[in-house]
Structures are given as C-alpha cells and as structure tokens.
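Chemist: Okay, handing you the structure first.
Protein chains in written order, with the numbering used here: chain A, 2 to 71; chain B, 242 to 441.
Following this line, the structure appears as structure tokens:
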C-alpha cells in the first residue's frame with residue numbers, strides 16, 4: 002500500500018467523501034426535469050431544532066428548516 | 242441473570258470481526274449457535290430471543306460452477322430500485338472506467354464516478370444516471386450497487402445541464418481557494434458526465 006498514492010483532487014483540497022458525494026447528488030438533482038426536480042429537492046429537505054442546555058434545563062430552541070444540507 | 246446473557250450476545254460480534262475478507266465467506270449462518278447454547282445453560286425454561294442474525298437472509302454460498310445470471314441489488318437512500326433482480330450483465334461507471342459485470346465476475350469493490358449504470362436483461366437495457374456511490378461484487382455472482390442519487394435518463398433536463406456546465410467552468414476560472422477549485426471541478430465533472438450521457 003503506497004502511503005503517497007494519488008489522492009482524489011477533492012480529498013487533496015480537504016473535502017471528505019461524504020461531502021463530495023452529497024455535492025454530486027445535489028448537482029444531479031438540480032438538473033432534473035420539472036416534477037421530478039421538486040420531488041427530489043423536497044425529499045432531501047432537513048428540518049431540525051437545536052436547543053442548548055444549561056444547568057440541566059433547555060433554553061429556547063432554534064428551528065432550522067434548511068434547504069438540502071451539503 | 243439476564244445481564245450476563247447480554248454480555249454473551251456481544252461475543253459472536255467479536256468473532257465476526259476476526260474474519261479476513263467478507264467477499265470470500267462461506268454461506269452465513271442463520272442462528273447464533275453459541276448464544277443459543279449459552280442461553281439454554283443459564284435459562285433453560287425460556288426460549289432464547291431472536292438475534293439480528295436470525296432475521297437476516299443468509300448469504301448464498303459461492304457455487305462451484307459459474308451461475309447463468311447475476312443477481313443485482315441496486316439501492317438508494319430513499320428507495321430500493323432493484324432488489325435481488327436476476328440479470329445478464331450490468332455496466333457500472335467505476336472511477337477506473339466503465340466496468341462490465343457478468344456472472345462469475347471476480348469479487349471487487351469499485352468506487353463509482355458520476356455516470357451511467359446500465360442493466361442488461363435479455364434484450365432490454367435499463368439505464369440510470371448515478372451521482373456517485375459504490376459497487377460491491379461478491380464471488381457468488383451477487384452485485385450490490387449503492388448510490389446517493391440515481392435517475393432514469395429521460396428525467397434529465399438538457400438545458401439545465403448546459404447552464405450548469407457553463408456556470409461551473411466560469412467558477413473554476415474565478416476560484417481562489419483549493420476548496421472552491423475542488424467544488425468547481427466537481428461541478429464540471431458531474432455536468433460533463435450528464436452532458437455526454439445525453440448526447441452520447
């Protein structure tokens with residue numbers, strides 16, 4: 002196993018495989034024809050709420066409904 | 242008393258890690274023999290609970306002669322496109338080029354680049370454009386292809402592809418940091434693959 006084997010350009014730039022794969026998937030989704038495009042983008046939407054806890058109690062949560070997270 | 246049984250449950254998992262290559266396993270077992278024996282020693286009156294292993298389909302063993310069909314599992318995060326479908330050949334877009342997989346193919350793990358996966362069954366060919374993923378080909382003529390996004394070719398919009406290609410080519414020339422250059426390069430790779438699929 003060569004430890005200095007040629008790495009892919011995205012890894013050399015500091016990106017992980019998951020980030021690379023998600024970027025590729027997003028680009029493909031953005032190139033779809035209309036009804037499929039909105040379905041695909043809707044499917045990948047992420048909604049989550051984050052709350053910080055202090056002294057054993059949650060503070061007010063922040064609701065994030067980002068569009069597809071990369 | 243039941244706590245010791247959960248410690249025993251952990252033991253078969255350690256035995257599994259000692260196996261060298263998962264592609265040349267004999268047929269997998271359907272029940273944890275060691276767990277069942279140990280359970281019966283401690284709690285002979287209760288039936289042993291089912292472990293995850295007994296819910297799984299056992300891996301078919303590698304046959305001695307090459308089978309006539311390849312069994313393909315093509316899965317996406319949100320759907321299973323093909324589940325144990327018997328086909329004649331699949332062509333996967335590996336990073337090292339288009340790779341044809343026939344029954345009896347040597348066990349391989351291939352990383353996929355954005356490209357077209359074609360499934361050949363008799364006279365019909367079904368093509369999907371894959372964004373990226375992996376293909377695992379096992380010695381028993383089973384192939385697992387996993388991708389994040391796969392679309393049939395008629396769902397791709399050519400004008401959006403051209404627009405994207407132009408946009409990313411422009412971004413590459415104006416990129417400063419390594420990361421921006423890498424993102425622009427990824428954009429160009431994906432869009433050129435989409436483009437050549439539509440025109441080729």
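Glycine included, C-beta positions come from ideal geometry on N, C-alpha and C.
#1: Looking only at C-alpha atoms, which of A/26, A/62, A/14 and A/8 sits nearest to residue 50 of chain A?
#2: Please report the Cβ distance between residue 369 of chain B and residue 391 of chain B, rounded to the nearest whole angstrom; I am assuming they are in contact, meaning their Cβ atoms lie under 8 Å.
#3: For the segment 368 to 383 of chain B, which residues have a beta carbon sitting closer than 9 Å to at least one beta carbon of chain A?
#4: Any beta carbon of chain A sitting closer than 8 Å to that of residue 402 of chain B?
#5: With contact counted as at least three CB pairs below 8 Å, one residue from each stretch, are the segment 402 to 410 of chain B and the segment 371 to 391 of chain B in contact?
#6: Rounded C-beta distance between residue 343 of chain B and residue 397 of chain B? I'm assuming under 8 Å.
#7: What's the gap between the Cα of residue 284 of chain B and the Cα of residue 355 of chain B?
#8: Going by other Cβ atoms of all chains shown within 10 Å of its Cβ, with 16 needed for buried, is residue 430 of chain B buried or exposed?
#9: Does residue 30 of chain A pass the burial test, meaning 16 or more other C-beta atoms within 10 Å, or should it be called exposed?
#10: Since residue 294 of chain B meets chain A, which of its residues come closer than 8 Å, beta carbon to beta carbon?
#11: Would you report the Cα separation of residue 406 of chain B and residue 55 of chain A, rounded to the nearest angstrom?
#12: Please specify which runs of the beta strand (DSSP E), each continuous and at least 3 residues long, are wholly inside the segment 368 to 397 of chain B, giving them in chain order.
#13: Can you tell me whether residue 300 of chain B is helix, strand or coil according to DSSP?
#14: Is it buried or exposed, residue 3 of chain A, if we count other Cβ atoms within 10 angstroms and call 16 or more buried?
#15: If you run the structure through DSSP and keep just helix, strand and coil, what is residue 23 of chain A?
Modeler: Here's the rundown:
#1: Position 49 of the first chain, counting from 1, holds the residue named residue 50 of chain A. Residue 50 of chain A has its Cα closest to that of A/62, out of A/26, A/62, A/14 and A/8.
#2: For the purposes of this step, residue 369 of chain B is taken as residue 128 along the second chain, with counting starting at 1. For the purposes of this step, residue 391 of chain B is taken as residue 150 along the second chain, with counting starting at 1. Between residue 391 of chain B and residue 369 of chain B the Cβ distance is about 4 Å, and since that is below 8 Å, they are a contact.
#3: 370, 371, 372, 373 and 374
#4: Counting from one through the second chain, the residue named residue 402 of chain B turns up at place 161. True, the Cβ-Cβ gap to chain A drops below 8 Å.
#5: no
#6: Mapped onto the second chain, residue 343 of chain B falls at position 102. Mapped onto the second chain, residue 397 of chain B falls at position 156. Going by Cβ atoms, the distance from residue 343 of chain B to residue 397 of chain B rounds to 28 Å, so no, they are not a contact pair.
#7: Within the second chain, residue 284 of chain B is the residue found at index 43, counting from 1. Within the second chain, residue 355 of chain B is the residue found at index 114, counting from 1. In a straight line, the C-alpha of residue 284 of chain B is about 54 Å away from that of residue 355 of chain B.
#8: Working through the second chain from its first residue, we reach residue 430 of chain B at position 189. The residue in question, residue 430 of chain B, is buried, as its Cβ has 16 or more Cβ neighbours within 10 Å.
#9: In the first chain, residue 30 of chain A corresponds to position 29, counting from 1. Under this definition residue 30 of chain A is a buried residue.
#10: Residue mapping note: residue 294 of chain B aligns to position 53 of the second chain, counting from 1. Those do not exist, as residue 294 of chain B stays about 28 Å from chain A at its closest Cβ, beyond 8 Å.
#11: Numbered from its first residue, the second chain carries residue 406 of chain B at position 165. Numbered from its first residue, the first chain carries residue 55 of chain A at position 54. Each residue's Cα considered, the two are about 48 Å apart.
#12: 374 to 378, 383 to 388 and 391 to 393
#13: One-based indexing of the second chain puts residue 300 of chain B at position 59. Note: residue 300 of chain B maps to coil in three-state DSSP.
#14: For the purposes of this step, residue 3 of chain A is taken as the residue at position 2 of the first chain. Because the pLDDT at residue 3 of chain A is just 49, under 50, the model does not fix this residue reliably, and the value given afterwards should be weighed accordingly. The residue in question, residue 3 of chain A, is exposed, as its Cβ has fewer than 16 Cβ neighbours within 10 Å.
#15: Within the first chain, numbered from 1, the residue matching residue 23 of chain A stands at position 22. If DSSP states are grouped into helix, strand and coil, residue 23 of chain A belongs with the helices.
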